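In this text, residue positions in the sequence shown follow the numbering used here: the first is 2, and each later residue adds one. All C-beta atoms in this analysis are idealised placements derived from N, C-alpha and C, irrespective of residue type, glycine included. As the structure is a computational prediction, the values presented were derived from the model and not from experiment. Report on one structure; see the data block that follows.
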Amino acid sequence: RGVYLLKESASIIFTSSVECPPLPSITDTATLSPGFLLSLAEAPDLNCMMVMKHFPTRKTNSAAAIETYLFILRISPGDGQNFPKPGQKITMHYHGTLADDGSVFDSSYRRGTPFSSPIGVGRLIKAWDECVPQMSLGEKAVITATHDVAYGETGFPPVIPPRATLKFEVELLAIN
């Protein structure tokens, strides 16, 4: 209930005494309000920790509110020292599913070949450009993103439908 009382740029920390769920589990995003960004926070002796920041609701040209969710749930920590910077090439394993039904749309794990690309320069979906630089080398996390920070209004037919919320299980393997 206290989340609704947050003012713009305020932060609140949620902690849990339970262990992080193993992949591919994730928190149900439907219980959180639109317009919030959950980002990773480091804390000793905690398996799971998230920080919630409020951002003003953005509007489309038609003045309809965009409901933006971008969550990071740390599954296992990385080295805590090496974080990718914009323009650096990252190598990751990932497993992408549709949030509504859990169907897999792509998986480097299934292909057996990690994915490599520069990060933070607009070549990947916005969710990855925003979340991956918060991960340290070796970290495993689950990223959940609404359509406006993923594949948008049109999706990526035929595998990703329009306005799809996506979940990515990711592992940062290398930073070059």
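query, result
"Assess, as a yes-or-no matter, whether the stretch 76-84 is touched by the stretch 145-160 under the definition of 3 or more beta carbon pairs within less than 8 Å.", "no"
"Measuring only the C-alpha atoms, how far is residue 118 from residue 88?", "9 Å"
"Report yes if the C-beta distance between residue 170 and residue 133 is below 8 Å; otherwise report no.", "no"
"In three-state terms, what does DSSP make of residue 158?", "coil"
"With distances taken Cα to Cα, identify the nearest neighbour of residue 173 among 131, 95, 105 and 126.", "95"
"In chain order, which beta strand (DSSP E) runs of at least 3 residues are fully inside the stretch 106-175?", "116-119 and 141-146"
"Please classify residue 112 as buried or exposed, where buried requires at least 16 other C-beta atoms within 10 Å of its C-beta.", "exposed"
"Determine the direct distance from the alpha carbon of residue 145 to that of residue 76, and round the result to whole angstroms.", "13 Å"
"Go through its chain and collect everything with a Cβ distance to residue 166's Cβ below 8 Å, but skip five positions before and after it.", "30, 70, 99, 100, 101, 145, 146, 147, 148 and 151"
"Using alpha carbons as the reference points, say which of 177, 157, 164 and 73 lies closest to residue 106.", "157"
"For residue 162, which residues of its own chain have a beta-carbon under 7 Å away from its beta-carbon, when the five flanking residues on both sides are left out?", "156"
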